[in-house]
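For the sequence shown, position 156 matches number 156 in the UniProt record's numbering, and the numbering has no gaps at all.
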Amino acid sequence: MTKRTYTENIFAGTRQDLLDRIEQHLRPKRFAHVQRVEQTAVKLAQANNVDEEKASIAGLTHDYAKQRPDEDFIAAIKQYHLDPELLNYGNAIWHGVVGAELVKHELGIYDEDILNAIRHHTTGAVYMSPLEQIVYMADYIEPGRDFPDVDEARKITAEDLGAGVAFQTKHTLAYLIENNQKVYPKTIDTYNAWVPRYPNV
Numbered sequence: 001m002t003k004r005t006y007t008e009n010i011f012a013g014t015r016q017d018l019l020d021r022i023e024q025h026l027r028p029k030r031f032a033h034v035q036r037v038e039q040t041a042v043k044l045a046q047a048n049n050v051d052e053e054k055a056s057i058a059g060l061t062h063d064y065a066k067q068r069p070d071e072d073f074i075a076a077i078k079q080y081h082l083d084p085e086l087l088n089y090g091n092a093i094w095h096g097v098v099g100a101e102l103v104k105h106e107l108g109i110y111d112e113d114i115l116n117a118i119r120h121h122t123t124g125a126v127y128m129s130p131l132e133q134i135v136y137m138a139d140y141i142e143p144g145r146d147f148p149d150v151d152e153a154r155k156i157t158a159e160d161l162g163a164g165v166a167f168q169t170k171h172t173l174a175y176l177i178e179n180n181q182k183v184y185p186k187t188i189d190t191y192n193a194w195v196p197r198y199p200n201v
């Protein structure tokens, strides 16, 4: 994986250049996480006939903005004229939805499929391209994850990517409700779009 080369000119540099840029913004534990997500995303891309370079870039950049101060996100929401409703949420939502704008403007990555994968990797979406589904699941099941049912999530995802999306969405919503946490409306939309299609997960 460390020898992977970029040839599609999605990012103006090598994989190592991208790693160097990302590492400036993440603490070591988070930096290790994004590399595991990349590895998992590339494997899922291979299994689902999806562009591996896009999977690599999206996996590495999905948490690019995760450890920014709140002020950065609030400023970006205003600067890029994003939905002001976002101001009622916090980092859990911001680092994906707003983070995609920071990836675009700071890293020069304009591929909309990659940017959508970043935007939707925590909330999901009613429609998700195969790449978006891959990053959504790679973040959830990467080898460092250890939570009840993670092995089942890995098995389901290996067999059917869409079923994996339904499994994660169902379990995430249940977790939020159980812990009395605010639910981002698009997460409910994701649930309604995906979970009924896979009633057995």
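For each residue, glycine too, the CB sits at the ideal point set by N, CA and C.
In chain order, what residues of the same chain lie with their CB nearer than 7 Å to the CB of residue i, ignoring the 5 residues before and after it?
i	result
L100	According to the sequence shown, residue 100 is Ala rather than Leu. Within the same chain, A100 has close Cβ partners L115, I118, R119.
R4	R15, S56
E106	none
Among the options, which residue has its Cα nearest to the Cα of residue i?
i	options	result
N192	G124, K155, N179	G124
D111	A75, S56, G164	S56
D160	D83, I134, A12, D146	I134
A76	V98, G164, V195, Q24	V98
A166	D70, L82, V126	V126
Can you give me the C-alpha to C-alpha distance between residue i and residue j, rounded to a whole angstrom?
i	j	result
E152	V201	10 Å
N49	K155	18 Å
L102	K186	21 Å
K43	D51	11 Å
N180	A174	10 Å
I10	G96	19 Å
G162	T40	16 Å
R27	L19	13 Å
A158	I141	10 Å
R197	T169	12 Å
T2	D72	The predicted position of T2 is uncertain, since its pLDDT is 49 and thus under 50; a value taken from the coordinates is nonetheless stated next. C-alpha separation (whole angstroms): 31 Å.
R21	K29	16 Å
Where does residue i fall in DSSP's three states?
i	result
N9	coil
E142	coil
Q67	coil
M1	Because the pLDDT at M1 is just 44, under 50, the model does not fix this residue reliably, and the value given afterwards should be weighed accordingly. DSSP places M1 in coil when its eight states are reduced to three.
S129	coil
R27	coil
Just to confirm my understanding: we take residue i, look at its own chain, exclude 5 residues before and 5 after, and list those with CB closer than 8 Å. What are they?
i	result
G108	F11, A12
* Tell me, please, whether the segment 30-43 touches the segment 52-68 by the rule of three or more beta-carbon pairs shorter than 8 Å. => yes
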